[in-house]
Amino acid sequence: MSTTAAIEDLPDVEKPEQQNFVKFFRALDTPEEGTIRLFAREANDSAYYTCHGDDARYVANQVFETTGVIKYWFGDNETGLPTTKLTNNVAETFMRDVLLNKQLKIEIWKQNRLEWQLI
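Residue numbers for the sequence shown follow our numbering, beginning at 18 and rising by one.
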């Protein structure tokens, strides 16, 4: 199964949750230069990650080599939040590459009840 096909099997986040997340994400401070933010999620007994904004574009180009995997949460390609999903395996490979080869930093966020926390 290709990397792109694997993300098609990941569940979609419901619109109300997208709206809440977009508000949260846009209120975050700008990360330190060279930092990629990943958001750990679980659904249907599977773990996966999302990345958003410029990080979503970076992942789309570096991992999938296409911007066709980008979805826009709570808006269109002008107003929405660019979002890319990663399977757990793809995320692990991506993190290994950016940490070891590209010398970037990773922030992983996880939702604990109704609040997102940096882990």
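Backbone N, C-alpha and C fix where the C-beta goes; we use that ideal spot for every residue, glycine too.
Cutoff 8 Å; reference residue i; Cβ partners in own chain excluding five residues on either side
{"i": "T52", "result": "L121, K122, I123 and E124"}
Spatial neighbours of residue i in its chain, beta-carbon cut-off 6 Å, leaving aside the 5 residues before and after
{"i": "E109", "result": "none"}
{"i": "K88", "result": "T100"}
{"i": "L55", "result": "Y66, C68 and I125"}
{"i": "V39", "result": "W90, F91 and L98"}
{"i": "D72", "result": "I53 and R54"}
Nearest-angstrom Cβ-Cβ length linking residue i and residue j, presumed shorter than 8 Å
{"i": "F91", "j": "G85", "result": "Between G85 and F91 the Cβ distance is about 20 Å, and since that is not below 8 Å, they are no contact."}
{"i": "W126", "j": "A57", "result": "7 Å"}
{"i": "F42", "j": "V80", "result": "Actually they are not in contact, since the Cβ atoms of F42 and V80 sit about 20 Å apart, beyond 8 Å."}
Residues near residue i in its chain [Cβ-Cβ closer than 7 Å; skip 5 each side]
{"i": "P28", "result": "A60 and N61"}
{"i": "M18", "result": "Note on M18: pLDDT 43, under 50, position unreliable in the model; the coordinate value appears next. No residues qualify anywhere along the chain."}
{"i": "Q35", "result": "W90 and F91"}
{"i": "A77", "result": "T83, T84, V86, I87 and T101"}
{"i": "V115", "result": "I53, L121 and I123"}
Those residues which DSSP pairs with residue i across a bridge
{"i": "K122", "result": "T52"}
{"i": "E109", "result": "Paired residue(s): none; E109 is not in a bridge."}
{"i": "L116", "result": "According to DSSP, L116 bridges with nothing at all."}
Problem - Contiguous beta strand (DSSP E) assignments of at least 3 residues, all confined to the stretch 30-105 - result: List check, beta strand (DSSP E) in window: 52-60, 63-69, 88-90 and 98-104.
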